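Novice: Take this structure first; my questions come after.
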Amino acid sequence: MIKSIDYDTNSALLNVLLDEHNAALSVFPSQKQEALSNVYSIDNEYIGGITGKIFYQRLKISMLAVKEGYRGQGIGSKLVKSAIDYAKAHNCKSVTVSTLNFQGPEFYEKLGFKQYAVLENVPAVGITTHFYILYLD
């Protein structure tokens with residue numbers, strides 16, 4: 198029987214199954230996923246934020262956004278740099294992110310990320326998804 202359940206509940210259950218599977222194969226050590234959640238604020242006003250999760254030795258950036266009136270002022274770069282510092286502090290070897298063509302792939306390239314894959318017409322016709330990685334020293 199297949200049924201729908203809450204996304205967060207299902208994700209937690211899947212993580213347990215995958216940890217058990219990987220531990221049995223001795224492929225990856227069992228590891229709690231660390232979550233990144235940083236914000237940028239001015240006088241307690243939420244200006245933007247970044248989230249991500251560590252999977253083994255990689256930080257995957259999930260979301261990054263800055264309020265429209267504050268874009269182009271280096272806030273996004275500061276948020277990404279805070280994520281890179283977080284990854285280094287947690288012994289990560291790389292940081293990855295995906296972005297759409299209209300969201301600014303050049304932004305990540307300026308920060309040293311290298312493109313490793315491109316999917317044209319994904320998630321829709323006329324939209325391209327770019328995948329980036331930054332290897333950490």
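Each residue of the sequence shown is one higher than the one before, counting from 198 in my numbering.
Don't be surprised by glycine CBs; every beta carbon is placed ideally from N, CA and C.
Please read these numbers as outputs of a predicted model, since none were measured by experiment.
Would you check if the distance between the CB atom of K311 and the CB atom of I281 is smaller than 8 Å?
Specialist: No, the pair does not count as a contact, with Cβ atoms beyond the cut-off.
Novice: Can you list, in chain order, the residues of its chain with a C-beta nearer than 7 Å to that of S274? Leave out the 5 residues immediately preceding and following it.
Specialist: Closer than 7 Å at the Cβ level, and outside the excluded window around S274, lie L308.
Novice: To the nearest angstrom, how far is the alpha carbon of P302 from that of L256?
Specialist: Taking the straight line from one Cα to the other gives about 18 Å.
Novice: How would you call I239, buried or exposed, if buried means at least 16 neighbouring beta carbons within 10 angstroms?
Specialist: Exposed, because fewer than 16 other Cβ atoms sit within 10 Å of the Cβ of I239.
Novice: Here's the rule: buried if 16 or more other CB atoms are within 10 angstroms of the residue's CB, otherwise exposed. What is I202?
Specialist: Answer is exposed; the Cβ neighbour count stays below 16.
Novice: Figure out for me which residue from K200, G249 and G271 has the closest Cα to the Cα of H287.
Specialist: Ranking K200, G249 and G271 by Cα distance to H287 puts G249 first.
Novice: Distance check for V322 and A232, CA to CA, integer angstroms please.
Specialist: Straight-line Cα distance between these residues: approximately 32 Å.
Novice: Kindly identify the DSSP beta-bridge partner or partners of Y243.
Specialist: Beta-bridge pairing links Y243 to S238.
Novice: Taking Q230 as the reference, which of Y253, Y204 and I247 has the closest Cα?
Specialist: Looking at the Cα atoms, Y253 is the closest of the given residues.
Novice: Would you identify the three-state DSSP class for A321, choosing helix, strand or coil?
Specialist: Here A321 sits in coil by DSSP.
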